[in-house]
Each structure stands twice: as structure tokens, then as C-alpha cells.
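S.K.:
2 protein chains.
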Amino acid sequence: MPHANSLDKTLRERAAAVIPNGMYGHESVRLLPDVYPQFFGRAEGARLWDVDGREYLDFMCGYGPNLFGYRNHKIDMAAKAQAELGDAMTGPGAVMVELAEKFVQTIGHASWVMFCKNGTDATTMAISTARAHTDKRKILVAKGAYHGAAPWCTPVPAGVVPEDRAHLITYIYNDIESLEAAVIAAGDDLAGIVASPFKHDAFVDQQMPDAAYARRAREICDARGALLIVDDVRAGFRLARDCSWSLVGVAPDLSCWGKAIANGYPLSALAGSEKARAAAGTLYVTGSFWFGAVPMAAGVATLNEITSSTYLEHTERLATRFRNGLAEASRRHSFGLRQTGPAQMPLILFEDDPDYRIGYGWAAEMVQRGIYVHPWHSMFFCSAMTDADIDQALGVADQAFAALHKGRARLEPHSGLLAMLEARH
Amino acid sequence: MPHANSLDKTLRERAAAVIPNGMYGHESVRLLPDVYPQFFGRAEGARLWDVDGREYLDFMCGYGPNLFGYRNHKIDMAAKAQAELGDAMTGPGAVMVELAEKFVQTIGHASWVMFCKNGTDATTMAISTARAHTDKRKILVAKGAYHGAAPWCTPVPAGVVPEDRAHLITYIYNDIESLEAAVIAAGDDLAGIVASPFKHDAFVDQQMPDAAYARRAREICDARGALLIVDDVRAGFRLARDCSWSLVGVAPDLSCWGKAIANGYPLSALAGSEKARAAAGTLYVTGSFWFGAVPMAAGVATLNEITSSTYLEHTERLATRFRNGLAEASRRHSFGLRQTGPAQMPLILFEDDPDYRIGYGWAAEMVQRGIYVHPWHSMFFCSAMTDADIDQALGVADQAFAALHKGRARLEPHSGLLAMLEARH
Numbered sequence: 005m006p007h008a009n010s011l012d013k014t015l016r017e018r019a020a021a022v023i024p025n026g027m028y029g030h031e032s033v034r035l036l037p038d039v040y041p042q043f044f045g046r047a048e049g050a051r052l053w054d055v056d057g058r059e060y061l062d063f064m065c066g067y068g069p070n071l072f073g074y075r076n077h078k079i080d081m082a083a084k085a086q087a088e089l090g091d092a093m094t095g096p097g098a099v100m101v102e103l104a105e106k107f108v109q110t111i112g113h114a115s116w117v118m119f120c121k122n123g124t125d126a127t128t129m130a131i132s133t134a135r136a137h138t139d140k141r142k143i144l145v146a147k148g149a150y151h152g153a154a155p156w157c158t159p160v161p162a163g164v165v166p167e168d169r170a171h172l173i174t175y176i177y178n179d180i181e182s183l184e185a186a187v188i189a190a191g192d193d194l195a196g197i198v199a200s201p202f203k204h205d206a207f208v209d210q211q212m213p214d215a216a217y218a219r220r221a222r223e224i225c226d227a228r229g230a231l232l233i234v235d236d237v238r239a240g241f242r243l244a245r246d247c248s249w250s251l252v253g254v255a256p257d258l259s260c261w262g263k264a265i266a267n268g269y270p271l272s273a274l275a276g277s278e279k280a281r282a283a284a285g286t287l288y289v290t291g292s293f294w295f296g297a298v299p300m301a302a303g304v305a306t307l308n309e310i311t312s313s314t315y316l317e318h319t320e321r322l323a324t325r326f327r328n329g330l331a332e333a334s335r336r337h338s339f340g341l342r343q344t345g346p347a348q349m350p351l352i353l354f355e356d357d358p359d360y361r362i363g364y365g366w367a368a369e370m371v372q373r374g375i376y377v378h379p380w381h382s383m384f385f386c387s388a389m390t391d392a393d394i395d396q397a398l399g400v401a402d403q404a405f406a407a408l409h410k411g412r413a414r415l416e417p418h419s420g421l422l423a424m425l426e427a428r429h
Numbered sequence: 005m006p007h008a009n010s011l012d013k014t015l016r017e018r019a020a021a022v023i024p025n026g027m028y029g030h031e032s033v034r035l036l037p038d039v040y041p042q043f044f045g046r047a048e049g050a051r052l053w054d055v056d057g058r059e060y061l062d063f064m065c066g067y068g069p070n071l072f073g074y075r076n077h078k079i080d081m082a083a084k085a086q087a088e089l090g091d092a093m094t095g096p097g098a099v100m101v102e103l104a105e106k107f108v109q110t111i112g113h114a115s116w117v118m119f120c121k122n123g124t125d126a127t128t129m130a131i132s133t134a135r136a137h138t139d140k141r142k143i144l145v146a147k148g149a150y151h152g153a154a155p156w157c158t159p160v161p162a163g164v165v166p167e168d169r170a171h172l173i174t175y176i177y178n179d180i181e182s183l184e185a186a187v188i189a190a191g192d193d194l195a196g197i198v199a200s201p202f203k204h205d206a207f208v209d210q211q212m213p214d215a216a217y218a219r220r221a222r223e224i225c226d227a228r229g230a231l232l233i234v235d236d237v238r239a240g241f242r243l244a245r246d247c248s249w250s251l252v253g254v255a256p257d258l259s260c261w262g263k264a265i266a267n268g269y270p271l272s273a274l275a276g277s278e279k280a281r282a283a284a285g286t287l288y289v290t291g292s293f294w295f296g297a298v299p300m301a302a303g304v305a306t307l308n309e310i311t312s313s314t315y316l317e318h319t320e321r322l323a324t325r326f327r328n329g330l331a332e333a334s335r336r337h338s339f340g341l342r343q344t345g346p347a348q349m350p351l352i353l354f355e356d357d358p359d360y361r362i363g364y365g366w367a368a369e370m371v372q373r374g375i376y377v378h379p380w381h382s383m384f385f386c387s388a389m390t391d392a393d394i395d396q397a398l399g400v401a402d403q404a405f406a407a408l409h410k411g412r413a414r415l416e417p418h419s420g421l422l423a424m425l426e427a428r429h
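These protein sequence lines are chains V and Y, in that order.
Going by the numbering used here, the first residue of the first sequence is number 5, and it counts up by one from there.
Going by the numbering used here, the first residue of the second sequence is number 5, and it counts up by one from there.
1. Rounded to whole angstroms, what's the CA-CA distance from residue 72 (chain V) to residue 308 (chain V)? Just pull it up for me.
2. Applying the criterion that 16 or more other CB atoms from any shown protein chain within 10 Å of the CB defines a buried residue, is residue 171 (chain V) buried or exposed?
3. Examine chain B for any beta-carbon lying closer than 8 Å to the beta-carbon of residue 13 (chain Y), and answer yes or no.
4. Mind pulling the chain V residues with CB within less than 7 Å of residue 375 (chain Y)?
5. On the premise that residue 121 (chain V) lies in contact with residue 470 (chain Y), defined as a C-beta separation below 8 Å, what is that separation, rounded to the nearest angstrom?
6. Starting from residue 198 (chain Y), follow its DSSP beta bridges and name the residues at the other end.
7. Checking contacts by CB at 8 Å: is residue 37 (chain V) closer than that to chain Y?
8. Short check: CB of residue 190 (chain V) to CB of residue 135 (chain V), under 8 Å?
9. Could you give the first and the last residue of the continuous alpha helix (DSSP H) run that contains residue 440 (chain V)?
10. Determine the extent of the alpha helix (DSSP H) in which residue 342 (chain Y) is found, giving its start and end residues.
11. Kindly confirm or deny that the region 250 to 270 of chain V and the region 207 to 226 of chain V touch, where touching means at least three C-beta pairs closer than 8 Å.
12. Per DSSP, which one or two residues make a beta bridge with residue 211 (chain Y)?
13. Does the count of Cβ pairs from the region 98 to 113 of chain Y and the region 259 to 277 of chain Y closer than 8 Å reach three?
14. Which two residues bound the contiguous alpha helix (DSSP H) that contains residue 1 (chain Y)?
15. May I ask you to list the residues that DSSP assigns as paired with residue 352 (chain V)?
16. Below 8 Å between beta carbons: does that hold for residue 95 (chain V) and residue 31 (chain Y)?
17. Tell me whether residue 296 (chain V) is buried or exposed, calling it buried when 16 or more other Cβ atoms sit within 10 Å of its Cβ.
18. What does residue 184 (chain Y) pair with, by DSSP beta-bridge criteria?
19. For residue 22 (chain Y), go through chain V and note every residue whose CB falls closer than 8 Å to its CB, in chain order.
20. Are the region 235 to 250 of chain Y and the region 79 to 91 of chain Y touching by the rule of at least three beta carbon pairs closer than 8 Å?
21. Count the other CB atoms within 10 Å of the CB of residue 291 (chain V); is the residue buried (16 or more) or exposed (fewer)?
22. Assign residue 369 (chain Y) to one of two classes, buried (16 or more other C-beta atoms within 10 Å of its C-beta) or exposed (fewer than that).
23. I'd like to know whether the C-beta atoms of residue 379 (chain Y) and residue 364 (chain Y) end up nearer to each other than 8 Å.
24. Step through the CB atoms of chain V and report whether any lies within less than 8 Å of the CB of residue 167 (chain Y).
25. Starting from the C-beta of residue 127 (chain V), find all residues in its chain whose C-beta is less than 6 Å away, skip the five residues before and the five after it, and write them out in chain order.
26. Looking only at C-alpha atoms, which of V:374, V:272, V:388 sits nearest to residue 314 (chain V)?
27. Between residue 261 (chain V) and chain Y, is the shortest Cβ-Cβ distance under 8 Å, so that the two count as touching?
28. At a Cβ threshold of 8 Å, is residue 253 (chain Y) touching chain V?
29. What residue from V:372, V:265, V:103, V:285 has the CA that sits closest to residue 397 (chain V)'s CA?
30. Expressed to the nearest angstrom, what Euclidean distance is found between the alpha-carbon atoms of residue 100 (chain Y) and residue 303 (chain Y)?
31. Note down the Cα distance separating residue 415 (chain V) from residue 409 (chain V), rounded to an integer number of angstroms.
32. Would you call residue 361 (chain V) buried or exposed, if buried means 16 or more other Cβ atoms sit within 10 Å of its Cβ?
33. Inspect the beta-carbon positions of residue 68 (chain Y) and residue 384 (chain Y) and report whether they are closer than 8 Å.
34. Out of V:227, V:165, V:420, V:154, point me to the one whose CA is closest to residue 184 (chain V)'s CA.
35. Where do the ends of the beta strand (DSSP E) carrying residue 366 (chain V) lie?
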């Protein structure tokens with residue numbers, strides 16, 4: 005950390021006493037360069053301020069929830085108006101029906117929806133629905149894909165027993181042969197196929213879905229009576245005003261949603277086609293706050309923005325500018341950049357960087373100059389970003405590449421990352 | 005439903021089109037008398053108004069979250085002040101550390117805490133922590149106890165595979181012999197024992213914990229190196245300003261929290277003793293909204309109320325008045341009432357009522373007169389209730405018993421409930 009007497013440092017020390025390892029989960033900075041702040045003081049639009057007052061243009065958007073800008077006025081007003089009435093009451097508010105109708109209208113394949121709190125709730129409910137629908141057990145998931153942090157799917161299986169994953173079979177994303185082999189391995193016990201909308205695993209290049217692979221997954225499910233599940237929790241509404249696989253012309257039976265659907269208010273969802281309705285209706289799924297009306301009001305306002313604004317074209321245009329500008333700047337400074345996935349959800353890795361030291365070095369130079377990027381996770385654009393923001397980010401990127409070039413010989417791998425990577429292999 | 009043209013009816017019809025069965029989870033009224041409203045328009049203090057404007061004194065408190073009154077001014081102000089700064093950002097706010105410190109100070113056995121969104125998140129993390137700590141697999145749970153709605157614990161196991169529960173062993177709550185038999189069944193593979201703070205299963209009399217049983221569970225865990233887990237999600241802070249088992253002098257290794265800890269803002273938690281810290285730190289557990297600062301600010305304000313107000317004595321006193329008054333009124337009208345569990349979390353059943361028709365009849369008479377009670381689930385008091393509220397509720401109860409007495413011969417069992425009970429047996 006740059007400032008020994010920073011409030012961030014003090015908070016980390018206090019946190020270490022009362023939180024295991026001082027922080028947990030995806031917002032722990034344990035696997036990020038040391039200059040990254042752990043705690044934030046405030047956020048507005050596309051910007052964040054850490055607890056020591058340093059400002060950042062935020063290309064993580066809360067790891068996805070921020071789609072229309074932090075503290076978006078319209079969405080916050082809708083949430084506040086509902087808060088004046090009630091939130092977690094003894095039954096849902098009328099807004100739940102309004103939101104469900106709007107959701108089903110927006111998602112092409114959906115005829116029903118159930119709301120929950122975590123993305124993991126939605127993915128877990130999806131596999132239970134597939135099992136209830138088929139009365140079969142095997143679930144196919146792509147190797148390395150993230151579908152949440154419950155025992156059946158967490159990427160770090162501490163405290164997990166083998167039975168939690170007894171009926172999971174893995175296949176390689178975008179690889180039809182591998183998918184078909186997994187289907188054969190499932191025998192007559194195939195309940196469902198889970199797919200990310202695109203391959204957005206951490207630490208490796210992202211891949212857009214191959215349309216032939218997506219269609220094959222659909223065909224297999226139709227032939228076998230299994231359910232096709234698209235886990236759109238991370239990418240939902242950043243690629244399309246519909247399920248992300250609408251872009252390859254494939255409609256799933258179930259889609260999982262979260263992150264951006266209420267612009268940061270805690271809300272996730274499982275949406276399904278008519279075929280899956282009866283099975284979904286047999287599940288007992290619930291949570292203490294699942295019927296809270298405030299996040300649902302924010303969800304309605306968010307869907308209104310999604311369907312009525314040009315947010316998608318705007319973020320795609322800015323993201324493409326950023327991608328092209330970065331490619332140019334990196335070439336100028338003789339770095340080979342691998343920018344993968346959709347421009348508005350980019351992953352940025354470096355060529356010839358097996359232990360990620362170059363990527364970490366660049367990210368550290370960026371964040372120290374007020375541009376919050378991530379060295380190994382998909383990043384996120386939001387509609388509050390402007391051309392001036394992209395100008396600033398590209399200007400800083402130029403400086404960051406220059407500084408990186410100069411200090412390249414002194415770069416070292418991140419010790420925590422190395423330990424984690426070794427534990428994985 | 006009493007009003008054919010009610011907004012509630014219209015909303016139910018709309019909901020049936022876009023939500024499986026029209027509603028799911030614990031806030032569905034499918035298993036309640038037909039006169040219960042499904043949708044609510046607003047809430048304030050201890051009162052609710054349904055979407056058709058009918059007012060209720062609410063003895064469910066949102067199924068627990070409402071501890072200090074709906075829209076509690078102090079707590080809402082704290083949440084709003086944080087909302088002006090930021091909620092779900094790219095990292096947590098300083099308030100997370102403040103909340104963790106306060107939580108650990110408040111809970112006697114705890115030296116660390118991790119925050120999450122659902123009670124189920126906390127109970128699932130608890131069993132994973134026990135397994136990680138012991139490197140063993142077996143988890144003992146009381147037969148019929150509710151610990152959430154994930155595949156390993158949901159009470160309606162549709163879509164669940166046997167492997168989800170492969171290492172669960174059940175015992176009978178408060179029964180030392182049964183607990184010891186379960187321990188023997190676990191062999192040398194015991195990871196943890198899960199206990200509710202008191203037996204609060206639906207449909208059956210509640211039971212306070214027998215201190216000898218609680219102590220025996222503690223002894224067994226100590227002797228075997230297993231972890232003792234108290235699932236305080238439902239009861240937390242309604243019985244004590246500490247883990248509920250502090251009342252029987254037994255400190256668990258892990259306690260699960262949710263519902264009331266932020267007075268309705270979506271927040272749950274797993275708290276642990278020093279012994280369990282390292283194991284908890286090995287888990288990868290997270291969720292998109294787990295670092296949201298607004299519910300944490302509400303949590304700090306709620307803990308302030310818990311530690312500085314007389315809410316506990318106030319609700320206990322009112323609840324005891326209600327219990328005594330109901331007992332008297334029921335005797336006056338020749339009904340045998342079974343009021344079990346802590347007075348401030350009562351379950352009210354009737355003698356000689358095997359198919360619950362009397363209880364349903366009474367609940368229907370109460371709710372039609374503006375007192376929202378529940379015929380088979382623990383109920384909840386909140387600190388916003390007053391003596392005048394109890395006067396009103398007891399006055400209505402007298403009328404309800406009288407009406408019930410008069411119409412007793414015409415009572416019929418609830419068809420949905422009957423079907424559910426038959427499916428269970």
C-alpha cells in the first residue's frame with residue numbers, strides 16, 4: 005500500500021481481527037496488486053472514491069451490479085418511493101407482480117420468473133428445476149466456469165464433500181465433441197446443460213460462444229428432454245436487452261440473473277420457459293429477504309432504463325473505443341495485449357506473461373493513476389461512462405504502459421497469486 | 005377471499021401468469037386460510053396494510069426481520085446516510101469493519117464474523133466450516149428442523165438428489181439419547197452438530213432447549229473435535245442480546261444469523277469462535293451483494309438499538325400479557341390453546357385439532373378483524389408494539405373465539421394443507 009498511515013491500512017488491520025483473513029470472497033483484494041484499496045468511501049456514476057479520498061474511474065462497476073451508474077437518480081428515486089411504503093413485509097408488494105411481468109416481457113424465452121438474492125440462488129434453483137423436470141440427476145457444466153459459491157459450484161472446494169458434485173459432468177466450453185462426450189457419460193440420466201453466455205472464466209482469455217456449440221446444446225436438450233440453462237448472472241443485460249444467447253439465436257429453458265438487474269440493489273432471478281414452469285413450481289425455495297419490495301422497485305426502474313434507453317449502444321461504442329485505443333497504446337509501447345470477450349465486459353491479459361507479473365504491473369500503474377482495472381477478471385462498463393472518461397482512461401493507459409516498459413525488468417510475480425495458482429495445479 | 009373485486013385478487017391472477025403457482029416460498033399464502041391477503045401496500049411500526057387498504061396489527065413481522073418496527077426512523081436514517089455515499093461498490097465500505105466489530109462485541113462466543121444475504125448462506129457456510137475444520141463429513145441435524153431452502157436442507161426435496169444429504173444424520177431435539185445414537189452413527193467422521201436455539205418447527209408445539217441436552221451437545225463436540233452450530237437465523241436477538249443459547253449457558257463454535265439483524269435490510273451472518281477462524285478462512289464464499297454497505301449501516305444501527313434500548317424487556321412483557329390474555333380468553337370460550345416457545349416468538353395451536361381446522365378457523369377470524377396471526381408458524385413480536393396494541397389484539401381474540409365457537413360445527417380443513425400433510429406422511 006502506498007500510504008503507511010492510510011485509513012485503508014487501519015481498516016485492514018481492524019478487519020483482520022474480526023473477519024477471517026481480513027476479508028473474504030470476490031471483493032477481497034488479497035489477489036490484487038498491493039496498491040489496490042480494500043475499502044471505499046463513496047461512489048457516483050462511473051466513479052469511486054476510496055476511504056482515503058482517492059478517486060477512480062471504475063471499470064469493475066461493483067463486479068457487475070452498476071449498469072446505469074452508481075446512485076442512478078431515476079432508479080434510486082423508485083427505490084426510495086417504495087421504501088416510504090415498505091420493504092421486507094409479511095408478504096410481497098404489488099411491485100413483485102409488476103417486476104415479474106416486465107421481466108417476462110423483456111426475456112424472450114421466459115414465461116415465468118422467481119426472484120432471489122444471490123446469483124448462486126438462481127443457479128442452484130436452475131439445477132434443481134432441471135432435476136425436478138426430468139427426474140434425472142446429471143448436470144453438465146463447462147470446466148472452469150463460475151456458477152457461484154455454494155458447495156456444488158464454489159471454485160475453492162474447502163469444506164466441500166465429493167457428494168456435493170457427484171452428478172456434475174464437465175465439458176469444454178465451445179467444444180461440441182467434448183459436450184457430446186459428456187452427454188454420453190450422462191447416459192440416460194441427463195437433467196440439464198449449464199452454459200455461461202460466453203466463457204468468462206478468470207485468468208484465461210474469454211471466448212464468445214460459438215453458435216454451432218450453442219445450437220448443439222439446444223438440440224441435445226431437446227432430444228433428451230433435458231433443460232438448457234444459461235447462467236447470465238454476470239453478463240445479463242450488458243450484451244443484449246434479452247438473454248445473452250439471443251445473440252446466437254438460441255433460447256434456453258432457464259436463465260439465471262443477478263448483478264445488474266436492479267442496478268446494485270440486491271436482487272437475482274431465475275427465469276424459465278413454459279415447459280419448465282411445473283417443475284419450478286414443485287421446488288421449495290425461499291429466503292428471508294426474497295420478497296423485499298425495495299430491490300424489486302429498483303428492478304422495475306432498471307428494466308425501464310434497459311428497454312427505453314440507448315445504454316447498450318452507448319456502452320458498446322465507448323467500450324470499442326477503449327479496446328481500440330488500448331490496442332494502439334500497447335503496440336506503441338511494445339506490449340502484446342490480449343483483449344477478449346465482449347468489449348463492454350473485457351478481460352485484458354498480456355502476451356508472454358505466464359505468472360501475470362506484467363498484467364499486475366500494468367493494473368497497478370493504472371489504479372495508482374485513478375483508473376480501476378482488474379488484472380484477471382472480466383471488467384464492466386456502465387452507461388454513466390462518457391467519452392471524456394475514455395479519453396482520460398486512454399491517456400492514463402499510455403502513461404501506465406510507459407511506466408511499465410521502464411520498470412519491466414524489476415517486475416515480480418504477486419506472491420499470493422503464485423500460491424493460489426500453485427494450489428490449483 | 006372476501007372481496008371478489010379486490011386488488012389482491014387481480015394481483016394474484018396476474019402473478020399466476022408470470023410466477024410458478026402465483027407465488028413461492030414462505031410468503032406464499034397457499035397454505036393459509038383463504039381470507040389472508042397475498043400482497044401488501046405498506047407497513048409502519050407494528051402495522052401492515054394490504055393492497056386493498058385493510059390494516060393489520062402484524063404478529064409475523066415479515067417472518068422475523070421486523071424487530072424495531074417497520075420503517076424504524078433511526079435505522080432507516082442510518083441506511084439512507086450510507087445510501088448517499090454508496091451501496092454495492094467495487095469493495096466494501098468502512099461500515100463493514102464497524103459492523104463486524106460491533107457484532108463480535110455483542111455475541112459472546114464470537115471472535116469473527118462473515119456477512120452474507122440469506123439465512124441459508126449462513127447455515128451452509130457453517131457446515132462447510134465444520135467440515136473444513138475437522139476434515140470430517142457427518143453433520144447432525146434435528147429431525148424436522150428448518151435450516152434453510154438449499155438442496156441440503158429444504159423441507160420439500162423436489163429437485164434434490166440423495167447425495168445432497170448423504171452425510172446428514174438426524175436426531176431428536178432435546179433428546180440426549182437420540183443425539184448420542186446419532187454421534188455413534190457418525191463414527192469417527194463427525195464434523196458438527198447443528199441445533200436450533202429452541203425447537204421451532206412448523207405445525208408442532210415449540211420446545212425450549214433443555215439445558216442438559218445443550219450441554220451434552222457441547223461436551224460431545226469438545227470430546228470429538230467437532231463444531232457446535234446454533235442456527236439463530238430465526239430467533240436471533242429476540243430472546244437475548246447474544247446468541248440464544250447464552251440463556252442455557254452454552255457457547256457454540258458457530259452461530260448463524262439473519263432476519264432481524266438489520267431490521268429488514270437484507271443481511272445475514274456467520275459468527276464464529278477463535279477455534280473456527282482458520283477453517284472459515286479457507287472457504288471461498290461470496291455473493292454479488294454481500295459487500296453492500298447500506299444493509300450493513302442498518303445493521304450497525306440495529307445493533308445499537310439492541311445494546312442500548314429495553315426492546316427485549318418490552319417485547320417480553322407485552323408478549324407475556326398477550327399469552328396470558330389469550331389463555332384466559334380461550335378458556336372463557338372453552339378452547340384448549342397450546343401456546344409454546346418463548347412468549348415473544350409464540351406458536352399457537354389448539355387441542356384436539358389434528359387437521360388444524362380449529363386453528364385455521366381462529367386465525368381467519370383474527371385476520372378478518374385486523375390481527376395478523378399465523379396458524380402453524382412461529383410468530384414474532386417487535387418493539388414497536390404497545391400495550392394498546394395488545395389490548396386491541398386481546399379484544400379481537402375474544403370476538404374471534406366467540407365466532408369460532410359459534411361456527412365450530414361448520415369448520416372444514418384447508419384443502420391445500422391437507423394435501424401437503426398427506427404428501428409428507
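Note that beta-carbon positions come from the ideal geometry of N, C-alpha and C, so glycine has one too.
M.R.: In short, the structure shows the following:
1. 11 Å
2. So residue 171 (chain V) counts as buried.
3. The chain labelled as chain B is not found among the protein chains of the depicted structure, namely V and Y.
4. Near residue 375 (chain Y) there are no residues of chain V at all, since even the closest Cβ is about 12 Å away, more than 7 Å.
5. Because residue 470 (chain Y) is not part of the residues shown, which for chain Y are 5 to 429, the question remains open.
6. Assignment of beta-bridge partners to residue 198 (chain Y) by DSSP yields Y:233.
7. Among the CB atoms of chain Y, none fall inside 8 Å of the CB of residue 37 (chain V).
8. No, they are not a contact pair.
9. Beyond the ends of chain V as shown, which are 5 and 429, falls residue 440 (chain V); an answer cannot be given.
10. Per DSSP, residue 342 (chain Y) is not a residue of any alpha helix (DSSP H); the beta strand (DSSP E) it occupies stretches across 341 to 344.
11. yes
12. Y:203
13. yes
14. For chain Y, the structure presents residues 5 to 429; residue 1 (chain Y) sits outside this window and is missing.
15. Residue pairing of residue 352 (chain V) in beta bridges, as defined by DSSP: V:343.
16. Taking 8 Å as the Cβ cut-off, residue 95 (chain V) and residue 31 (chain Y) qualify as a contacting pair.
17. buried
18. According to DSSP, which records beta bridges pairwise, residue 184 (chain Y) is partnered with nothing at all.
19. 101, 104, 105, 107, 108, 115, 116, 117
20. no
21. buried
22. buried
23. yes
24. yes
25. 151, 152, 235, 260
26. V:388
27. no
28. Using a Cβ-Cβ cut-off of 8 Å, residue 253 (chain Y) does not count as an interface residue toward chain V, since no Cβ of chain V sits closer than that to its own.
29. Comparing Cα-Cα distances from residue 397 (chain V) to each of V:372, V:265, V:103, V:285, the minimum goes to V:372.
30. 9 Å
31. 10 Å
32. buried
33. Contact flag set, yes.
34. V:227
35. Counting along the chain, residue 366 (chain V) falls outside any beta strand (DSSP E), though it belongs to the alpha helix (DSSP H) covering 361 to 372.
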